[in-house]
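These notes are about the structure you will find just below.
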């Protein structure tokens, strides 16, 4: 009976240690957290401005230059005046763009619809 009790305690101890090991591995390192935009600590904004020719920068209507953290989102809009929704990190002048619309895109689509009627 004592042998069974000791085996059970050892088993529970090993299981609890493995649970702690898994918990410690799920918390990312600080370098991983700083390299990605964390939406919970960033401010959601709507901006108008121009995407840079390289697709990696954005200049807002006030002339402030921002670095785009996800340039694939703005692909095809390089050099164009656009309206964007993004999460901004003012400390690093970085934007994580969530949506892009060409300025006047809505008006153009309305004109096309009016022409069909």
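In the numbering used here, the protein residues as written are 1060 to 1176. C-beta atoms are modelled at their ideal positions from N, C-alpha and C, and glycine is treated no differently.
Nearest to residue i (by Cα), restricted to the options the options
i            : options                   : result
residue 1114 : 1155, 1133, 1066 and 1156 : 1133
residue 1161 : 1065, 1139 and 1150       : 1139
Contacts around residue i, its chain only, beta-carbon distance under 7 Å, and the 5 residues preceding and following it disregarded
i            : result
residue 1156 : 1127, 1129, 1132, 1133, 1143 and 1145
Proximity of residue i and residue j at Cβ, strictly below 7 Å
i            : j            : result
residue 1153 : residue 1104 : no
residue 1121 : residue 1137 : no
residue 1116 : residue 1124 : yes
Own chain residues within Cβ distance below 6 Å of residue i, not counting five before or after
i            : result
residue 1135 : none
residue 1102 : 1147
residue 1090 : The predicted model places residue 1090 with a pLDDT of 43, which falls under 50 and marks its position as unreliable; any figure quoted below should be read in that light. Nothing meets the Cβ criterion.
Residue i to residue j span [Cα, whole Å]
i            : j            : result
residue 1159 : residue 1141 : 7 Å
residue 1061 : residue 1073 : 18 Å
residue 1110 : residue 1163 : 15 Å
Residue i - partner residues in DSSP beta bridges
i            : result
residue 1141 : 1108 and 1161
residue 1117 : 1110 and 1125
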